[in-house]
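Heads up: the structure comes next, in structure tokens.
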Amino acid sequence: MQIVKDGRVVEDCWQHLDDAQAVPVAGDVTVSCARWAGENAALTNRTGRLGVRVSGDDPLEALGPVAGQFPLLVVEFPAVADGRGFSLARLLRDQYGYDGELRARGHVLRDQVFFLQRVGCNAFESCLLAAEELLPGLSDFSVRYQASQDEPLPIYRRR
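FYI, the numbering for the sequence shown is 27 to 185, going by this note's numbering.
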């Protein structure tokens, strides 16, 4: 599957495991936040990288302080109208200082990717649109008035 990462369309090397799925001995996988909390020791004793998926229902208090140990955090968007992922992304970047790949995944629209990038997402995986359809949304606007993750100064301070 192709995703948008760092402004380019690339092949995704990660396998997203359901909670009931067996964890392969090798390979790059993501697991839910709940599964990570319950099977942490077993998940770290394997070959391959481990990423964690977070949703609006997951408390970040346990994951946030150790987020930096993961090369990938996936913010789940279970519905188009569920905007909690925007807040999760901002918290992971600003409050917890996460600097790895932060991927918005699920019901992600082209109209949202510019704003998701502003709160810290640098990768996008949509179940509704192909990666090529998402990519132009990253440059929908040329001027950013408010301060955010991608531009810390508001426009009136940039003169």
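No residue lacks a Cβ here, since even glycine has one placed at the ideal position from N, Cα and C.
Here the structure is a predicted model, which means the values were calculated and not measured.
Next on the checklist: Quick check on the DSSP output: the alpha helix (DSSP H) that includes Gln138 runs from which residue to which?
Outcome noted: Element bounds for Gln138: 136-144.
Item to check | Span separating the alpha-carbon of Ser58 from that of Arg183 | outcome: If you take the alpha carbons of Ser58 and Arg183, they lie about 40 Å apart.
Next on the checklist: Residues in the same chain with beta-carbon distance under 7 Å from Leu69, minus the five sequence neighbours each way, listed in chain order, please.
Outcome noted: Closer than 7 Å at the Cβ level, and outside the excluded window around Leu69, lie Val49, Val57, Trp62, Leu76.
Checklist entry - Count the other CB atoms within 10 Å of the CB of Leu179; is the residue buried (16 or more) or exposed (fewer)? => result Leu179 should be labelled exposed.
Item to check | Span of the alpha helix (DSSP H) around Glu127 | outcome: It is not in any alpha helix (DSSP H) - Glu127 instead sits in the beta strand (DSSP E) that spans 127-132.
Next on the checklist: Can you tell me whether Ser152 is buried or exposed? The criterion is at least 16 other CB atoms within 10 Å of its CB, across all chains shown.
Outcome noted: Ser152 counts as buried, since at least 16 other C-beta atoms from the protein chains shown sit within 10 angstroms of its C-beta.
Checklist entry - Counting pairs of Cβ atoms below 8 Å between the stretch 137-152 and the stretch 116-125, do you hit three or more? => result Result yes; three or more Cβ-Cβ pairs closer than 8 Å.
Checklist entry - Do Val100 and Arg72 come within 8 Å of each other at the CB atom, strictly closer than that value? => result No, the Cβ-Cβ distance between Arg72 and Val100 is not below 8 Å.
Checklist entry - For Phe103, which residues does DSSP report across the bridge? => result Under DSSP, the beta-bridge partners assigned to Phe103 are Gly132.
Item to check | Nearest residue (CA-CA) to Gly82, options Val139, Gly111, Leu155, Val35 | outcome: Comparing alpha-carbon positions, the option among Val139, Gly111, Leu155, Val35 lying closest to Gly82 turns out to be Gly111.
Checklist entry - Just curious, the beta strand (DSSP E) that Ala149 is in, first and last residue? => result Here the beta strand (DSSP E) through Ala149 covers 149-152.
Checklist entry - Quick one: what does DSSP say Gly33 is sitting in, helix, strand or coil? => result DSSP places Gly33 outside both helix and strand once states are collapsed to three, so it counts as coil.
Item to check | Coil, strand or helix - Gly53 by DSSP | outcome: Coil.
Item to check | Assigned secondary structure, Arg183 (DSSP; H/G/I helix, E/B strand, else coil) | outcome: Three-state DSSP puts Arg183 in a helix.
Checklist entry - Where does Ser174 sit, in a helix, a strand or coil, going by DSSP? => result Residue state for Ser174 is assigned as strand, using DSSP reduced to three classes.
Checklist entry - Is the shortest distance between the beta-carbon of Val169 and the beta-carbons of chain D less than 8 Å? => result Of the protein chains in the structure, only one exists, and it is not chain D.
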